[in-house]
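**Q**
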Amino acid sequence: MKIVFLSILLILTFVYNGIFSPNQAKVNFTLDPDKSIVEWSGASPKVSHQGSFAVTCQELQITDEQIQGGTFVIPIASIKNYDLPKAIKPVLLKHLKSKDFFNLALYPEAIFKITQVEPLIVPAVGDTTAANTRVTGDLTLLGQTHAISFPAKIEVQENNVLVDAAFKLDRTQWGMNYAADPALDNRHIFPEVAIRLKVAGSRN
1 MKIVFLSILL
11 ILTFVYNGIF
21 SPNQAKVNFT
31 LDPDKSIVEW
41 SGASPKVSHQ
51 GSFAVTCQEL
61 QITDEQIQGG
71 TFVIPIASIK
81 NYDLPKAIKP
91 VLLKHLKSKD
101 FFNLALYPEA
111 IFKITQVEPL
121 IVPAVGDTTA
131 ANTRVTGDLT
141 LLGQTHAISF
151 PAKIEVQENN
161 VLVDAAFKLD
171 RTQWGMNYAA
181 DPALDNRHIF
191 PEVAIRLKVA
201 GSRN
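Everything in the sequence shown is counted per full-length UniProt numbering, starting at 1 for the first residue and increasing by one.
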């Protein structure tokens, strides 16, 4: 009877340590808006444009130095252009905010919600970020939600987290079809948009 009691006590000790170990505690991080950005690059056969969006995340959940979840909000009104002369920038930005593209009036935000984060064993082809993780989540844009997955370099320290990811999105998947027809020749705008996500956060 004494042996049975000791065995049960030992099992309970392991269970307690596995569940309540401090190393497994969930910690919330908040993004630094001055160090977090979504860069974009879009192109047609003869020209390309580059720019960025702001990005926010109220809570990035991290357990045992691994990201477990979080929701990123991208305000469409924050869109910027880097390559055009100052006098021309407003023309492009107004068009990008119109119903031809992001339809800011109806859809002021894009939202990405993390659903899965897993180690990346084999580097992605063409990866430029030294990715160590594959991130999967739901991207809501123009009122439509679709799952996306991309490689990312994630570094989690005691009080800081850094994320760097480079990937491409097909804008037509969310119904952004303006000038996506190749038959338009030089007026054609490629469906794929290059994205670079760079965020930094600190422990709450």
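Even glycine gets a Cβ: it sits at the ideal position worked out from N, Cα and C.
1. Check P191 in the structure and name its three-state DSSP category.
2. Determine contact between the stretch 38–50 and the stretch 173–192, defined as no fewer than three beta-carbon pairs at a distance below 8 Å.
3. Excluding the 5 residues preceding and the 5 following F112 in the sequence, name in chain order all residues of the same chain whose CB lies nearer than 6 Å to its CB.
4. Near F29, which residues of its chain fall below 7 Å by C-beta distance, leaving aside the five closest residues on each side in sequence?
5. Ignore the nearest five residues each way along the sequence and tell me which others in S78's own chain have a CB closer than 6 Å to its CB.
6. Once the 5 residues before and after R171 are set aside, which same chain residues still bring their CB inside 6 Å of it?
7. Please identify the residue among P108, E65, D34, P182 whose C-alpha is closest to the C-alpha of E158.
8. Whose CA, out of N81, V163, E109, lies closest to the CA of Q144?
9. Please go through the same chain and pick out, in chain order, the residues whose beta-carbon is closer than 6 Å to the beta-carbon of I37, but skip the five residues on each side of it.
10. Counting C-beta neighbours from all protein chains within 10 Å, is the total for T129 16 or more, i.e. buried, or is it exposed?
11. If the criterion is Cβ atoms closer than 8 Å, does the pair I88 and Y107 meet it?
12. Leaving aside the five residues before and after H146 along the sequence, list all residues of the same chain whose C-beta is less than 8 Å from its C-beta, in chain order.
13. Determine the extent of the beta strand (DSSP E) in which L139 is found, giving its start and end residues.
14. Under 8 Å between C-beta atoms, does D170 make it to chain B?
15. Determine which residues share a DSSP beta bridge with G175 and list them.
16. Answer with buried or exposed for L184, where buried requires no fewer than 16 other C-beta atoms within 10 angstroms of its C-beta.
17. What does DSSP give as the partner residue(s) for I67 in the beta ladder?
**A** Looking at the coordinates:
1. P191 falls in the coil class under three-state DSSP.
2. Yes, they touch.
3. Cβ neighbours of F112 beyond the five flanking positions: F72, G137, L139.
4. In its chain, beyond the 5 residues on either side, L60, I62, V161, G201, S202, R203, N204 have a beta carbon closer than 7 Å to the beta carbon of F29.
5. Correct list, in chain order: F53, A54.
6. Result list for R171: P191, V193, in chain order.
7. Among P108, E65, D34, P182, the Cα nearest to that of E158 belongs to E65.
8. Comparing Cα positions, the closest option is E109.
9. Around I37: S52, K198.
10. With 16 or more Cβ atoms within 10 Å of its Cβ, T129 is classed as buried.
11. Not closer than 8 Å, so no.
12. For H146, the CB contacts under 8 Å within the same chain, skipping 5 residues up- and downstream, are D138, L139, Q173, W174 in chain order.
13. From DSSP, the beta strand (DSSP E) with L139 extends over 133–141.
14. In the displayed structure, chain B is absent; only one protein chain is listed.
15. DSSP links G175 through a beta bridge to no other residue.
16. So L184 counts as exposed.
17. Beta-bridge pairing links I67 to I62.
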